[in-house]
Every structure is written in structure tokens, then in C-alpha cells.
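Offset between the sequence shown (1-based) and our numbering: plus 45.
Cβ coordinates follow ideal geometry from the N, Cα and C atoms, glycine included.
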Amino acid sequence: MDFGCELERTRGVMSRSGIRIVDETHFGEDEIDRKLCRAANEAAKDLFLGNENPSKPPRMLYDGANSPEEGCSKNKKARARNDVGSAKELEQQVTRYNEQCARIEAKLPLIDCKHFDEYHLPAGRELIKEGDLVVVFESFNDLNFVYAKKDAIFSNRNGHFKHNSFIGKPYGCKIRSNNNSGLGFLYLLRPTPELWARSLPHRTQIVHELDASMIVHYLNLCPNMTVCESGTGSGAMSHAIMRSIAPRGMLHTFEFNKVRADKAKKEFEEHGLGHLVQVHHRDVCGKKSLLLQKSGEKPGEAGDEPKAGGSRDDGPNESENNGVEEDDGTGGFLIGQAKAHAIFLDLPEPWLAVPHAAHTLCPNGRICSYSPCMEQTQRTCAALRRNGFHSLRTVEARLKEFYVASVELPVPPTDLPVVLSEEASSIEKVRLANGGVLTPNQLEERADLLGQKRKGDEQESELEPKKVLCARPFAQMRGHSAFLTFATR
Ligand SMILES: C[S@@+](CC[C@H](N)C(=O)[O-])C[C@H]1O[C@@H](n2cnc3c(N)ncnc32)[C@H](O)[C@@H]1O
């Protein structure tokens with residue numbers, strides 16, 4: 046998955062005005078490219094500084110200590126004063142400018158990156174290459190996945206498919222089976238968080254598309270945010286969060302099951318998302334330390350694992366350390382000095398994590414807790430209020446998908462004259478005389494008579510099949526889902 050470039054891949058310096066100074070060494074040995082780049086840089090500087098005379102040398106971008114706006118007006122004033130500045134002065138300015146560029150570039154991670162539009166969306170790489178994750182569309186309800194590998198074979202009921210025939214093909218293409226005379230086929234899809242959630246190897250229950258979309262929206266996630274999540278589980282929600290905070294955001298995901306934490310970390314790296322996530326092996330509720338406090342032991346003495354109380358997630362916890370941060374049993378979201386813009390909890394006892402979340406969130410930060418049971422939701426809401434959260438809102442999203450298509454339905458002819466029986470026409474007369482009003486008995490009688498009349502019609506005349514556009518709900522509704530509680534710190 047390609048949600049954004051890694052920092053090292055970004056070349057150039059962006060001013061907040063949106064003008065970009067590009068590092069010309071990026072263009073390698075090609076002299077024409079370098080010249081073009083240099084000319085574009087000069088034009089960009091002149092644009093920013095309002096230099097209408099292209100023959101004049103570039104001026105200072107802005108003073109590092111000031112805002113660009115201040116810098117700009119300061120430069121304009123300076124320009125008015127020194128319009129006929131000495132060559133030496135201009136040379137000094139250019140040197141200062143170059144130094145400043147170097148300083149800004151060194152501080153690139155701190156630059157407000159919202160202007161790097163070109164990195165907000167997936168890079169749009171079209172061709173599948175070796176090692177790439179490919180979502181395999183087998184049928185409407187069957188999605189699978191493979192990592193494209195030379196000489197490997199993907200087999201299903203439709204036939205055998207050689208990975209060699211995937212490599213170099215564009216995403217979205219249709220591949221025919223090697224055996225089965227090519228009758229079986231599949232589509233190779235570019236992975237997205239939604240497709241991945243439908244094809245991933247489930248290690249736990251996961252957050253599905255509908256809830257994920259609500260969560261991302263109501264947490265106000267946007268590019269470059271710092272977000273905390275617990276637990277990681279199968280990593281389905283993590284992918285949705287990462288797509289929203291790319292290209293330079295950071296997801297800290299906390300999981301107390303070591304095996305799951307390790308697997309998630311490996312998967313994120315395989316999907317090219319390692320730069321957007323840090324996996325922590327940690328009990329965010331700090332139940333271990335609570336247990337130790339109760340029993341009077343010191344941390345590290347007891348070997349018992351914290352026991353989760355819910356139904357969505359319990360599991361084994363045995364594996365070697367694999368570079369994932371170790372749990373010290375104290376609980377909380379440890380992310381150094383940083384504060385999180387948003388926190389997402391998918392835990393059996395989220396209320397235990399709420400005090401830690403309150404500590405980690407920045408002012409006005411948002412929290413969401415996902416709980417399948419109302420009792421969990423109630424306890425979480427109480428904990429949120431106790432810990433100073435406001436604007437609490439609990440919602441349940443239900444998915445009702447419709448199938449819209451043309452179908453053939455028998456439709457009675459509308460051009461036949463309606464002949465009413467004697468009784469029916471006498472009731473009709475009464476109805477008209479009463480201004481369209483009938484007593485309940487008369488209404489019942491009228492319905493019977495008209496019903497008989499229609500049955501008679503069906504027997505007499507053949508019903509014509511007609512194509513009509515119809516919308517039907519699907520019988521299967523994916524997505525309970527859970528109660529989603531949102532709040533603001
Ligand atoms: C239902 S799963 C999360 C699924 C995940 N949201 C997804 O979409 O794939 C819950 C996870 O929380 C973990 N967990 C439970 N209690 C925890 C705690 N106190 N600290 C950290 N992780 C915890 C469980 O091990 C489990 O993997």
C-alpha cells in the first residue's frame with residue numbers, strides 16, 4: 046500500500062506560501078534538467094518576493110525567526126529601501142538565503158507539510174512488481190490476497206494462476222487460469238484499507254469498513270496527525286487510520302499480545318507503511334501494575350499476564366522479542382513528549398484506558414471507543430466524564446446496502462376499461478356522495494369487492510412482463526458492529 050512517501054524521498058523546501066524551492070542535485074547529472082530547475086527556483090523566489098524585474102538577483106525568502114507573512118512584508122520594505130543596493134549586499138543576501146534554505150531543509154520534519162499536495166494521495170503506481178501485496182478478487186464475496194513472488198502459484202477453485210503472470214501487469218487486470226483452458230479467472234486489485242479488511246488473515250475480530258469510515262470522520266483525522274490506537278488486533282483499523290494521516294503522520298498502536306504485535310509490525314512493513322506506524326507491545330490499561338499494587342508486589346516480580354475481560358480479543362501471548370517495544374506493565378500510551386491528536390480504543394475494558402488517554406491527548410483532541418456491548422459503553426462514558434471529556438456522543442451505524450437493477454415483473458394492462466360490479470358501483474356512489482368518506486364497514490366491503498374484481502382481471506387477461514428498475518436491500522447486512530462513543534478532551 047502506498048499512502049505517502051517516506052521523508053527521505055522528498056526533495057525540496059516548501060514555503061508556507063506554497064512556492065517550492067527544489068533541490069537541483071535531485072536531477073543528477075543532467076545539465077538541462079539542472080538548468081531548468083535553477084531557472085524555476087529563481088522564478089519561484091521572485092514570485093514570492095514580488096520581484097517584477099527578472100534581471101534582479103533573488104532576495105531573502107524570509108527571516109527564519111518570523112512568519113513568512115512578516116518576512117514577506119519585511120522584505121518588501123527592505124526592497125523599497127535598497128532598490129539600488131550594492132552588489133556586495135546582494136551577494137550577502139543570496140548567501141544568507143542559501144544558508145537559510147539549508148537550515149529549513151535540515152528541519153524538514155518540522156515544516157507544515159499540508160502543502161505537499163503531491164504526496165497526499167497514493168503515488169498511483171500502476172504495475173505489479175515482485176513482493177507487492179495484491180488483493181485477489183475471486184468473486185463478489187470472495188477476496189483473497191497474495192504477495193507477488195516469482196515462480197509461485199496461486200490456486201483456487203477457478204484454477205491455477207502463476208504469479209509470474211501477475212508481475213508487470215497493471216492493477217485491476219483480469220488474469221486467466223493456466224490450467225482449466227483459461228476458463229477460470231481472477232482480478233488483481235490494488236490494496237486499499239477496505240479491500241485489505243475484507244481479505245486479511247483474521248487474528249482477532251476487526252473493525253469493518255462502515256465503522257472505520259465513521260471513526261475516521263468523527264475523530265477528524267487528517268494528514269500528518271499523531272494518533273494512538275489500542276489494541277492493534279489484526280491491524281484492519283490501523284490501515285484506515287494510516288491512510289488518513291499519511292504522508293507524514295504517526296500512528297502509535299498498542300497491543301498487549303506479543304504475537305499479534307509482532308505480526309502487525311511485519312505486515313505494516315511489508316505493505317510499505319513502516320514510516321507511518323510504531324507498534325508498541327504494551328498493556329495500555331496498566332492492569333498488571335494495578336494487580337501488583339493490590340498484591341503489594343513490585344513491577345517485574347509477578348509473571349501473570351493481565352487478563353482481558355471482553356469477548357473480541359483474548360488470546361495467547363507467547364513469542365520472542367522482535368524489535369517491538371517492550372511492556373513495562375505500567376499502562377498508558379507512552380509516546381515520549383508528543384501529544385496525540387486523536388485516540389482510538391478497541392478494548393474489552395476501555396474505561397481503564399480513559400485516564401491514560403486523557404493524559405496523552407492534546408487539548409481539543411478527540412477520542413473514540415468501540416464497544417460491542419452497551420454495558421461497556423456506559424462504563425466508558427462515565428469514565429470519560431470523570432476525566433474531563435466533553436461533547437460525548439454514542440452512535441451505532443447500520444449498513445443497509447441496496448441492489449439496483451432492471452428486473453422483469455408481470456404488470457397488469459392499464460388500458461383495459463375498469464368495469465365495476467353493481468354492488469361496487471353502488472358503494473362508489475355512496476363514497477362520492479359523502480365526499481370520499483366511508484364507514485369502516487363500507488370500506489371493508491369495498492376492499493373485498495375491488496379485490497374480487499382484480500382476481501377476475503388476472504384470470505381474464507394475461508399479465509404482460511415488463512422491465513422495471515427496482516432497488517432491493519441485500520439479504521445479508523455486514524456490519525454490526527458496535528457502539529461508537531466519541532468525545533472531546
Ligand atoms: C478486537 S481486537 C482489535 C481489532 C482491531 N481494531 C482491528 O481492526 O483489527 C482487540 C485487541 O486488543 C488487544 N488488547 C486487549 N486489551 C488490551 C490492553 N489492555 N492493552 C493493549 N492491548 C489490548 C487484544 O489483544 C486484541 O488484539
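### Task
From the DSSP output, in three-state form, read off T533 for me.
strand
### C-alpha distance - S436 paired with L429, whole-angstrom precision
Roughly 10 Å between the two C-alpha positions.
### Query
Should the stretch 290-301 be called in touch with the stretch 317-329, which here means at least 3 C-beta pairs below 8 Å?
Inter-segment contact for the stretch 290-301 and the stretch 317-329 is present: three or more beta-carbon pairs are separated by less than 8 Å.
### Query
CA-CA distance, F190 and L178?
C-alpha separation (whole angstroms): 7 Å.
### Query
In chain order, what residues of the same chain have a beta carbon less than 6 Å from the beta carbon of A309, not counting five sequence neighbours either side?
T277, G280, V324
### Task
Buried or exposed for N86, please, with buried defined as at least 16 other CB atoms from any protein chain shown within 10 angstroms of its CB.
buried
### Task
Could you tell me if the beta carbon of R327 falls within a distance shorter than 7 Å of some heavy atom in ligand 1?
Yes, Cβ of R327 sits closer than 7 Å to a heavy atom of ligand 1.
### Query
Sorry if obvious, but does the Cβ on L255 come closer than 7 Å to a heavy atom of ligand 1?
no
### Message
Whole angstroms are fine: how far does the CA of F389 sit from the CA of D256?
### Response
12 Å
### Message
Could you give the first and the last residue of the continuous alpha helix (DSSP H) run that contains Q421?
### Response
419-431
### Query
Taking Cβ to Cβ, would you say V513 is nearer than 8 Å to V449?
no
### Query
For ligand 1, any of its heavy atoms closer than 7 Å to the Cβ of D493?
no
### Task
Flag T425 as yes when its Cβ comes closer than 7 Å to any non-hydrogen atom of ligand 1, and as no otherwise.
no
### Message
In the DSSP output, which residue or residues are listed as bridge partners for A385?
### Response
L406
### Query
How should R104 be labelled, buried or exposed, when 16 other C-beta atoms within 10 angstroms of its C-beta is the threshold for buried?
Unreliable placement is indicated for R104, whose pLDDT of 43 sits below 50; no coordinate value is reported for it.
### Query
How about C426 and T439: are their beta carbons less than 8 Å apart?
yes
#### Entry: DSSP three-state assignment for N479, whether helix, strand or coil
coil
### Query
Quick one: what's A492 bridged to in DSSP?
In DSSP, A492 forms no bridge with anything.
### Task
Quick one: residues in its chain with C-beta nearer than 8 Å to the C-beta of A520, no 5 flanking neighbours on either side, listed in chain order?
none
### Task
Give the straight-line distance between the Cα atoms of G377 and A387, rounded to the nearest whole angstrom.
14 Å
### Query
Among R221, M282, C273, which residue has its Cα nearest to the Cα of R243?
Of the candidates R221, M282, C273, the one whose C-alpha sits nearest the C-alpha of R243 is M282.
### Query
Would you say A281 touches ligand 1, meaning its beta carbon is less than 7 Å from a heavy atom?
A281 has its Cβ nearer than 7 Å to a heavy atom of ligand 1.
### Query
Roughly how many whole angstroms lie between the Cα atoms of F185 and P395?
A direct Cα-Cα distance of roughly 35 Å separates F185 from P395.
#### Entry: Identified DSSP bridge partners for I198
I198 is bridged by DSSP to K207.
#### Entry: C515, buried or exposed, once every other Cβ within 10 Å from all chains shown has been counted against 16
exposed
### Message
If you follow the beta strand (DSSP E) that I220 is in, where does it begin and where does it stop?
### Response
219-221
### Query
In angstroms, rounded to a whole number, what distance separates the CA positions of G331 and R293?
29 Å
### Query
Helix, strand or coil: which one does DSSP assign to C82?
helix
### Task
State yes or no: is the C-beta of C418 nearer than 7 Å to some heavy atom of ligand 1?
Because no heavy atom of ligand 1 lies under 7 Å away, the Cβ of C418 does not count as near it: no.
### Query
Of the choices T530, Y216, L234, E144, whose alpha-carbon is the least far from that of M419?
With distances taken between Cα atoms, M419 lies closest to T530.
### S289 beta carbon less than 8 Å from that of V261
yes
#### Entry: Per DSSP, cross-strand counterpart(s) of C273
H297, I388
### Query
DSSP on P518, reduced to helix/strand/coil?
strand
### 8 Å CB neighbourhood of L240 in its chain, flanking five on each side removed
V180, L188, L234
### Task
Confirm the yes/no value for this check: CB of E312, any heavy atom of ligand 1, distance under 7 Å.
No.
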